[in-house]
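Residue numbers (the working numbering), protein chains in the order written: chain A, 15 to 500; chain B, 3 to 232.
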Amino acid sequence: MKLKHQPLEMMTTKEKERIHASSCFVLDQAGLRVKNARIIDALVACGAIYENGRISVPQSMVENALESVPGTIRFRAPDPDRSFTVDAAGKDVFLGTGGQALYVLRSNRGVWTRQPAGCRDLEEIVSLCQRLSKVDFITRPMECDVALDRMDEEKARIFASNTTKPMNLANLIDPGKLSKVIEIVGDPAYLSFIVCLVTSPLAVDDTAADKLLAISGQGIPVCISSCSQAGTTAPLSEVGEMIQLNAEVLFGIVLVQAVNPGAPVLYRGIPITADLLSDGSPRWCQPESIRRVALAAEMCRYYGVPCCGTAGVSDEPVPSVQAVSEKAVSLTYQVAAGAQYINSAFGMLDRIMSVAPEQYVIDNMIAALVESELGKAQAFDERGVADAAVAAAKEAMVRLGVEVDELMDRELRSRVAFVNTRKEEYSKESMDSQQTFICSAVESPSSSLVFMKGARKGLRAGWLYIGKRIEAPLDISGLESKQELA
Amino acid sequence: MNQESSLDRIRHSIVMGHVDENDEGFDGTMEGEPGTVDLVREALDVDVNPQEILNIFNESMEEVGKLFESGKYLLPDMLASAECVGNAMDILEPHLVGKQENQKGKFLIATVKGDLHDIGKNIVSTILKGAGYQVKDLGIDVSVNDIVAAVKEFKPDFLGLSALLTTTMTEMEAVIKKLKEAGINDVKVLIGGAPTSEEFALKIGADGYCRDALHAVAKLEQMQDALSGR
């Protein structure tokens, strides 16, 4: 899809500059915990300082890395007509699936059962995504039921046999298998990967680092991912989480550009919140998370780095009207915020734990509605995007047999109002306070407890959205593209 | 200051989740005031009966549990209170006579090899400490051999294994196998973490699956009841 207007901006340029400066402060002062000698040597050779198990990265290294990141990335496909180019300065948006569910939901007369996902399910889902019109690329949606040492090759075989779209294999298990994977799919240009390099807060996953360098060394595009959870692995404060998450993704960019200058990377920041209202689980699709993920996309655009967005990971355990509403609002904001290559989590439910074939078809419809409603917006300002999100959600619900009433409309309006509302100051004082908090938290052996205790004030101030579930029976019998499931 | 007043202040500090003077407490008003740890030290200095202090810990946590169940307290509030008790217990313990009889059991916990995630582990560890268990936390990314060695040394009643990644949850099975190979059959193994489940626990031979920290507390109590024939 193509954006009609300039992307949504919820921060001023000055505020983004402040976030950047604070992230650089954190990278320089707190640094990242790392053990991998190859990484330490590579970064120290470029000016980083390694002391007491942490590597500090000066701001000059960040600026140099950002300058060498390519602004465009070509994603090729076995079917040349499916190839596309992501342009960090452009308005083209490409949607794909999300990855790594453990279970498949199967429906029997309206009752959903959860089954462990396997290779056959993966074949079925990849094949289904090949047929869905709004899926531009396929990110491996689930695990295979094969031994870990066969996983990379098995995934590659399933992709090569079932799709002609660009292939994002998500995680690489064994960097030593990369050449075999390339041989199976036929061309490295068809491939891309996601690497979660940093575990929040600010700790490098040493095995992920080896994978990242192996992939980028081949010139294969890689999405450098960090998924912080405010309140447990990052400050609950939006400002604090943005500073920390941005630092974590920037570190990945610095590392890749230090070792393989000019290698294609995408900025993949997923700053969500933890459910401190109950058990601390991630809140993927709640209004405050939708807002923060949109802010991450905005930060990425500020840098002019290609952006891998995330949307539509519903917190609902099975397909439901609530899930439809979450996905529609989430995708609308992520598209409007200007992410160009979006893991729009087609089919995903249950906080990335499950997928349902029917949900893929529903999400394909939602994507079409989001495109249509954003196309009608007069501008991508907060009001225009909010209206598009509500309209897309309501139309999706109507097509699924829901009579949308005033209460549902009010709840949707309440959610988008929350997404649009800033709860904190983006002042220099606020940034200073948060960067200090992050630096002290990472020194603690139990940083998650530090973040949780530090969240009490924000919880009382209402930083986590508390709304109402949208309840109604879900009828997918009339879904236009239901035949895709056959 | 008399004993009653001293104990009341400790109770208030625990219920407010005021760990130390740098902590803001439940309502954000307590920064700069002496925390639970300081109050326990003060109480011991003026010869307040350690057993009475221990009783206050238990009573306070019961009150916090009720506030959590009623929805007035949220997870961070309860954790802060549990941390108060856990930290204060380290100070109180050397002063208790016949201290073992108040301990509910020994709990060893670790995030398995290859996994750097510690949220669930830390919550469980803190809550169990607050609930009166003697907890040893081995940290994150802990190898099978290190876990088994720690079991031999610490001799826990329970072993908690945590994993957040689908690629690391398999390490849990390796730990259980290694324990059996080493002839260690008297430790109950509990697992937890987003990708794990009751079914997975059964499959790998764990004694139980805990979906969260409170579930872990309930599960341990169930197991202890079963062991003691209650």
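The beta-carbon is built from N, C-alpha and C at its ideal position, and this holds for glycine as well.
Contact between the segment 267-282 of chain A and the segment 226-244 of chain A is present: three or more C-beta pairs spanning the two stretches fall below 8 Å.
Under DSSP, Val125/A forms a beta bridge with Asn122/A. In the same chain as Glu173/B, and ignoring 5 residues on each side of it, the C-beta atoms closer than 6 Å to its own belong to Val114 and Lys115, in chain order. The segment 309-364 of chain A contains, as complete beta strand (DSSP E) runs of 3+ residues, the segments 322-324 and 355-360 (chain order). Per DSSP, reduced to three states, the secondary structure at Gly162/B is strand. For Phe265/A, the secondary structure class from DSSP, reduced to helix, strand or coil, is helix.
Residue-level contact check: Asn185/A touches chain B, since one or more beta carbons of chain B fall below 9 Å from its beta carbon. In the three-state reduction of the DSSP assignment, Gln43/A falls in the helix class, which pools H, G and I. One thing to note: Leu488/A has its Cβ no nearer than 9 Å to the Cβ of Leu421/A.
Taking 9 Å as the cut-off, the Cβ atoms of Pro278/A and Pro94/A do not count as close. Around Gly294/A, the beta-carbon contacts reaching into chain B at under 7 Å are Leu77, Ile121 and Ile125. Within 9 Å of the CB of Thr86/A, no CB atom of chain B is found; the nearest one sits about 32 Å away.
For Pro130/A, the secondary structure class from DSSP, reduced to helix, strand or coil, is strand. Exclusion of the five residues before and after Glu417/A leaves Ala486 as the residues of its chain whose Cβ lies within less than 8 Å of its Cβ. The C-beta of Phe28/B comes closer than 9 Å to at least one C-beta of chain A.
Secondary structure note for Arg483/A: it is in no beta strand (DSSP E), with a DSSP letter that is neither H nor E.
Contact fails between the segment 393-408 of chain A and the segment 316-327 of chain A, because fewer than three Cβ pairs, one in each stretch, are under 8 Å apart. Not a single C-beta of chain B is nearer than 9 Å to the C-beta of Ala223/A. In the pairwise beta carbon analysis, the segment 355-368 of chain A is classified as not touching the segment 395-406 of chain A: fewer than three pairs are separated by under 8 Å.
With 16 or more other CB atoms across the displayed protein chains lying within 10 angstroms of its CB, Ile125/B is buried. By the criterion of a C-beta distance shorter than 7 Å, Glu255/A is surrounded in its chain by Ser242, Ala244, Ala248, Pro249, Pro285 and Arg306, once the five residues flanking it on both sides are discounted. In this structure Ser339/A touches Ile484/A by the C-beta definition: roughly 5 Å separates them, less than 8 Å. Straight-line measurement puts the Cα of Leu166/B at about 13 Å from the Cα of Ala115/A. In this structure, DSSP gives Met445/A a helical state, which the three-state scheme calls helix.
Under the Cβ criterion of 9 Å, Asp148/B is not counted among the residues facing chain A. What Arg470/A touches in chain B, judged by beta-carbon distance under 9 Å, is Gly19, Glu26, Gly27, Phe28, Asp29, Gly30, Leu76, Pro78, Asp79 and Ala82, going in chain order.
Taking a C-beta cut-off of 8 Å against chain A, the contacting residues of the segment 160-176 of chain B are Thr168, Thr169 and Thr172, listed in chain order. Shown here, Thr172/B sits in a helix according to DSSP, grouped into three states.
Thr247/A reaches chain B at Ile121, counting residues in chain order whose Cβ is nearer than 7 Å. Not flagged as an interface residue toward chain B: Ala370/A, since no C-beta distance is shorter than 9 Å. DSSP lists Ile152/A and Leu205/A as the beta-bridge partner residues of Met181/A. Within a 10 Å sphere around the beta-carbon of Ser8/B sit 16 or more other beta-carbons, which makes this residue buried. Straight-line measurement puts the Cα of Leu388/A at about 12 Å from the Cα of Gln20/A.
Gly194/B has Ser164/B as its beta-bridge partners, per DSSP. Secondary structure of Lys16/A (DSSP, three-state): strand.
Proximity of Thr128/B to chain A, defined by a Cβ-Cβ separation below 9 Å, is satisfied.
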